[in-house]
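Participant:
Residue numbers (our numbering), protein chains in the order written: chain A, 39 to 367; chain L, 39 to 367.
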């Protein structure tokens, strides 16, 4: 029986030597990993930047996610924040802290996930640098950059009364996947278990799609630039659920957002509550031909907060966190 | 007795509301915290970027470092990587993962450390965004940006035979501080203890300076640009000790580096081994008037590796990690 190499066993330098060749190269990298810092092209004279941590326990479980899925999700969730500004993702920084007894294969798999996610979601984007540390808690801190190509960033505060409210990407699917994992992907004691999660995924095509959306989401990254080019007046990445994130646009813009129940399917309240789709929610002037995969789901109205078919959801006792627990998800 | 507010008790939104006003503003921030991503000016059309994690245990101890010192050190160590490229630090991103029972005062103190470090070391640099998460292990992931103002980055590979080797900042002082903490800053069981560390600091002015250099280093940030303007041929931030980091320049440049023992004080081998000074090591063409606080400590020679007064330190059994354990430091 061969014992796999561990991070602590072969050390940082040897581990990095095995990871580097797997990482995607960035077209924008003028000086890549290996010096004190990287140098990245910012042809626009500005750059868009966002950072997000993913922590084992609250954000992912090794029993449920493959290393590749961990890397993929860390890339995808940061890329979607860049897209939500109307920018083209250009580069990523990846800082990873892992227990010393982690197999090097875990880190190689995570690197593969970054490479595959960039190839699928944001071709030309790659990893320009990072950091590797030892920690008791597996932690990824990813920073993503984007270029605006001369356009204004699409912020949250530009929605105006009369605008179309539109979404590109799934709604509530990732949250459904998380519920399936917590109900079917656990052992008798309720602890996450790989075999149970694999079985849960095989129950139906919908269940497989939902679990995949949770573990390795594919947000519509290129629709961020498409929305900007189509004149989007506001945009946000749907990380905490349609209701909460729409309320952020409503609050920043000083308007209300009225969702059309018919556009939200059979169970609109569940769709409104589910987080982690990383879809793009945007507003457009009336008459705009919606770009890419955007579809209309509501309208910007006078007032405040969010509504469903004209009825305010504020103060109704309806809880946007229903079915969604960010602390365990 | 009042119970202090905790991160888990008041939640992310209320915690951020208390942190934001304490953070330094960046002159380069075109769109600061509060949207999906920030927008930062890159007047040069490129940006320098580096990231480093600091993890409780291997990188700092709450028993030894005040919250302000934790934030200060996280800022300083990243700023010095930007400086080592010859760039002016423009902005920081700060991602923090902390246990849910952390007092909010811990995070406020860390924010104060970022503000004071930027004011002291890199005026105009500030925090443009970040992330706050819950983790069992207190973890900071900091990303720092810099602007080159049209100059080429100063990389590790440009040292040429005959160049002056010079340093700006302390040598071995931070490692001496760490040794003092491990010898005198512990309780009877050898565990880090605040009262013991405070006593150790009072032993002498030197000991106080050494412990301060370890817990809240003040690297010569502005000397990075000064070195670039003076034509530095290579430069590196001294994070792992003079010997190891000089060997990186030697290896990247295909040269040897010969240190003058007289320039390294009474105990040159200890000075060569000590890490975490975050001073700047650079090479300059002969005849250069050394800028800022740079002082000559050696010469670039034909060959490879590092030497002391002409004697190679390679293969002598001398261990550059002597007196320095990155895993416990």
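We put the CB at the ideal spot given by N, CA and C, even for glycine.
1) When you compare each of 251/A, 280/A and 105/A to residue 149/A by their alpha carbons, which one comes out closest?
2) Give me, in chain order, the residues of the same chain whose beta-carbon lies closer than 6 Å to that of residue 278/L; leave out the 5 immediate sequence neighbours on both sides.
3) Look up residue 245/A in the DSSP assignment and say whether it is helix, strand or coil.
4) Report all residues from its chain with a CB closer than 6 Å to the CB of residue 43/A; omit the five preceding and five following residues, and keep chain order.
5) Output yes or no for whether 8 Å exceeds the beta carbon distance between residue 130/A and residue 257/A.
6) How about residue 127/A: is its C-beta nearer than 8 Å to some C-beta of chain L?
7) Answer yes if the region 169-185 of chain L comes into contact with the region 168-176 of chain A, meaning at least three C-beta pairs across the two stretches below 8 Å, and no otherwise.
8) Which residues, taken in chain order from the region 70-87 of chain A, show a beta carbon closer than 9 Å to some beta carbon of chain L?
9) Taking the C-alpha atoms as reference points, what is the distance between residue 332/A and residue 136/L?
10) Using a Cβ-Cβ cutoff of less than 6 Å, which residues in the same chain neighbour residue 133/L once the five nearest sequence positions on both sides are dropped?
11) Assign residue 349/L to one of two classes, buried (16 or more other C-beta atoms within 10 Å of its C-beta) or exposed (fewer than that).
12) Would you call the region 80-91 of chain A in contact with the region 80-90 of chain L, where contact means no fewer than 3 C-beta pairs closer than 8 Å?
13) Is the shortest distance between the beta-carbon of residue 119/A and the beta-carbons of chain L less than 8 Å?
14) Please compile the residues from chain A whose C-beta is within a distance smaller than 9 Å of the C-beta of residue 93/L.
15) For the alpha helix (DSSP H) that contains residue 67/A, what are its first and last residues?
16) Based on the DSSP output, what are the partners of residue 91/L in its beta bridges?
17) I need the DSSP call for residue 361/L, collapsed to helix, strand or coil.
18) If residue 287/L and residue 194/L are in contact, beta carbons under 8 Å, what's the gap, nearest whole angstrom?
19) Exposed or buried, residue 103/A, counting other C-beta atoms within 10 Å across all chains shown (16 or more means buried)?
20) What number of angstroms, rounded off, separates the C-alpha of residue 307/L from the C-alpha of residue 215/L?
21) Under the criterion of a Cβ to heavy atom distance below 7 Å, does residue 179/L qualify as lining the ligand COA?
22) Run down chain L in chain order and give the residues with a C-beta less than 9 Å from the C-beta of residue 168/A.
23) Figure out for me which residue from 160/L, 100/L, 341/L and 139/L has the closest Cα to the Cα of residue 62/L.
24) Check residue 185/A in the structure and name its three-state DSSP category.
25) Does any residue of chain A have a CB that is nearer than 8 Å to the CB of residue 208/L?
26) When you compare the CB of residue 148/A with every CB in chain L, is at least one pair closer than 8 Å?
27) Could you tell me how far apart the beta carbons of residue 321/L and residue 270/L are, in whole angstroms, since I believe they sit closer than 8 Å?
28) Just checking: is the beta-carbon of residue 259/A within a distance shorter than 8 Å of some beta-carbon in chain L?
29) Looking at C-alpha atoms only, which residue of 254/A, 290/A and 225/A is the closest neighbour of residue 234/A?
30) Tell me the rounded alpha-carbon separation between residue 337/L and residue 310/L.
31) List the residues of chain L that residue 41/A touches, going by C-beta distances under 7 Å, in chain order.
32) Using the DSSP secondary-structure output, state which residues sit across from residue 45/L in a beta bridge.
33) Let me make sure I understand the geometry here. Which of 77/L, 156/L and 250/L has the alpha-carbon closest to that of residue 113/L?
34) Residue range of the alpha helix (DSSP H) that residue 333/L falls in?
35) Taking one C-beta from the region 118-126 of chain L and one from the region 181-189 of chain L each time, how about it: are there three or more such pairs within less than 8 Å?
36) If contact means a Cβ-Cβ distance below 8 Å, which residues of the region 186-214 of chain A contact chain L?
Facilitator: Per the coordinate set shown:
1) 105/A
2) 313
3) helix
4) 142
5) no
6) no
7) yes
8) 72, 73, 74, 75, 76, 77, 78, 79, 80, 81, 82, 83, 84, 85, 86 and 87
9) 37 Å
10) 168, 169 and 179
11) exposed
12) yes
13) yes
14) 135, 171, 172, 173, 174, 175 and 177
15) Counting along the chain, residue 67/A falls outside any alpha helix (DSSP H), though it belongs to the beta strand (DSSP E) covering 67-69.
16) 179/L
17) Annotation note: pLDDT 45 at residue 361/L (below 50); position unreliable, coordinate value reported separately. Three-state result, residue 361/L: coil.
18) 5 Å
19) buried
20) 16 Å
21) Within the structure as shown, the ligand COA is missing, as the structure has no ligands at all.
22) 89
23) 160/L
24) strand
25) no
26) no
27) 7 Å
28) no
29) 225/A
30) 15 Å
31) Neighbours of residue 41/A on chain L: none; closest Cβ ~21 Å, over 7 Å.
32) Residue 45/L pairs with nothing; no bridge assigned.
33) 156/L
34) Counting along the chain, residue 333/L falls outside any alpha helix (DSSP H), though it belongs to the beta strand (DSSP E) covering 333-339.
35) yes
36) 186, 191, 193 and 194
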